[in-house]
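In the working numbering, the protein residues as written are -2 to 126.
Every residue, glycine too, gets a C-beta built ideally from N, C-alpha and C.
None of these values were measured; they are calculated from a predicted model.
The next block holds one structure in the form of structure tokens; read it before the comments.
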């Protein structure tokens, strides 16, 4: 069974963003998978962490999206902090941009989710090459 955890808060400095999970840290070592999905029902982006035997789904709810847009601006790979484990979120920018571009104008994700994504990530959509 897959485990779901949520990013509760973010810490932003001049050139770095940390997404912080405030739940009990898992005993197994985690590795960033470089894969991101959407959970349009819960208005969230979901980053997969690999435990070696399963995945943990890290939900980025709408309250974290402004930090996600800041991460896109900074170009630095954001970090995920969960207890003592701190890991760079591999492929974060590429995966997020691909999803945002796919969601734009696509009501298959649901109008509420699509509209929220378009409003929050409008600068990223406008500045793509």
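In its chain, beyond the 5 residues on either side, 56 and 58 have a beta carbon closer than 8 Å to the beta carbon of residue 39.
Going by C-alpha positions, residue 116 is about 34 Å away from residue 48. Rounded to the nearest whole angstrom, the C-alpha separation of residue 10 and residue 85 is 15 Å. Look at residue 74 here: in three-state DSSP terms it is coil, with no helix or strand label.
In the structure shown, residue 19 adopts coil according to DSSP, grouped into three states.
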